Amino acid sequence: MTTVHQRIVVAVNPSASFGKNHAVGAKVVAALSAAGHSVSELRKADYASLVAASREAVATSPDAFVVVGGDGMVNLGANVTALTGVPLGIVPAGTGNDMARALGIPHSNTDDAIAVLLEALTRPAAEIDAGLITHVDESGVAKTTWFACMISAGFDALANERANNMRRPRGASRYIIALVIELAKLRPIRYRLVLDGVEMVTDAALVSVGNGVSLGGGMKVTPDAMLDDGLFDVLVVQPMSRTSFMRIFPRVFKGTHTSDHRVAVHRAAHVVVESEGVAAYADGERLGKLPIDIELVPASLLVLAPEPAFEPPIVIARRGD
Numbered sequence: 001m002t003t004v005h006q007r008i009v010v011a012v013n014p015s016a017s018f019g020k021n022h023a024v025g026a027k028v029v030a031a032l033s034a035a036g037h038s039v040s041e042l043r044k045a046d047y048a049s050l051v052a053a054s055r056e057a058v059a060t061s062p063d064a065f066v067v068v069g070g071d072g073m074v075n076l077g078a079n080v081t082a083l084t085g086v087p088l089g090i091v092p093a094g095t096g097n098d099m100a101r102a103l104g105i106p107h108s109n110t111d112d113a114i115a116v117l118l119e120a121l122t123r124p125a126a127e128i129d130a131g132l133i134t135h136v137d138e139s140g141v142a143k144t145t146w147f148a149c150m151i152s153a154g155f156d157a158l159a160n161e162r163a164n165n166m167r168r169p170r171g172a173s174r175y176i177i178a179l180v181i182e183l184a185k186l187r188p189i190r191y192r193l194v195l196d197g198v199e200m201v202t203d204a205a206l207v208s209v210g211n212g213v214s215l216g217g218g219m220k221v222t223p224d225a226m227l228d229d230g231l232f233d234v235l236v237v238q239p240m241s242r243t244s245f246m247r248i249f250p251r252v253f254k255g256t257h258t259s260d261h262r263v264a265v266h267r268a269a270h271v272v273v274e275s276e277g278v279a280a281y282a283d284g285e286r287l288g289k290l291p292i293d294i295e296l297v298p299a300s301l302l303v304l305a306p307e308p309a310f311e312p313p314i315v316i317a318r319r320g321d
């Protein structure tokens, strides 16, 4: 492996996975420094300060911007690096780590993830798509937000909201428990969807917009999604009884739920999702209430990803090739 001296910024979320992995950031900085890179570490007391510091750091055009944490930190990374030409590196240290899963970065072994990062720094970064969301935030201000992996806007968002407020358990099972609790209140939600200009008004239990494959720590809600095909995969699950939902739910971990006739996956590059009283989440971060307008921006994000030798590999291929 040939190491070229690079200037790297590392942003650390010390509360990732409830602080369980608080030492991971220091380990990443030490490994990068030992490899001959010049490293600046960002740690801030609150998220807003970390975002501001990250934007300032990326504006200096470092050779890479690395986030240490979960999908929320990946979301931060996407929002400060999209369209800048600065590659985004990921060392997963959160609860779900779904974007790391989509990229084939080891998500349960920090040492392996750091090894992947060091190796990826010796090669050109991979180009992937990202989504740009136009929405209104919690304070009523119109804004745009990037996302990298997944948008939740239905039953899955309600479960996400509950999981975020739970203190126990501290692993990915927290999301599953939240799903089961929310299942007791399962009800159809009326949506207006616009997919590449085609309107669809429908009742649904679950709506997700995937650039990546999974949410909630490996639930493959859009199992055929590709990160570089120029399309979102839009999952729409029709209303069903609690019993039926519980029967189909285990299949989401293998991605086989899409064979059920009540589950549809649509593909589009421009998606509008409207509904009354439903919140939307992007990469696990709360956006605010619907509606949201989502545009896919091809090759807008550079990522430091493993080669196909790592499992599961990132798929750099276009549909139809």
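Residue numbering for the sequence shown follows our numbering, starting at 1 and increasing by one per position.
Even glycine gets a Cβ: it sits at the ideal position worked out from N, Cα and C.
Note that this is a predicted model, so its numbers are computed, not measured.
Your pair D71 and G284 checks out as a contact, with CB atoms roughly 5 Å apart and the cut at 8 Å.
Membership of S300 in the beta strand (DSSP E) is indicated by the continuous run 292-303. Under the DSSP definition of a beta bridge, Y47 lacks any partner. Straight through space, the alpha carbons of R190 and A282 are spaced by roughly 20 Å. Under the criterion of beta carbons closer than 8 Å, V12 and G96 do not qualify as touching, at roughly 18 Å.
Taking 8 Å as the cut-off, the beta carbon of S54 is found closer than this to the beta carbon of V80. Scanning E127, V237, G230, R242 for the CA closest to the CA of D260 turns up V237.
Remark: C-beta atoms of L193 and V272 approach each other more closely than 8 Å. In the DSSP assignment, D203 forms a beta bridge with R190. Collapsing the DSSP output to three states places T60 in coil. The straight-line gap separating the alpha-carbon atoms of S139 and H266 is approximately 32 Å.
Exposed is the label assigned to S108, since fewer than 16 other Cβ atoms lie within 10 Å of its Cβ. Going by DSSP, R267 is part of the beta strand (DSSP E) stretching over 263-268. Residue state for A282 is assigned as strand, using DSSP reduced to three classes. Under the DSSP definition of a beta bridge, K289 partners with A279.
For K254, there is no enclosing alpha helix (DSSP H), as DSSP marks it with neither H nor E.
Per DSSP, the beta-bridge partners of D233 are G210, R267. With respect to V28, V66 sits close: the two C-beta atoms are nearer than 8 Å.
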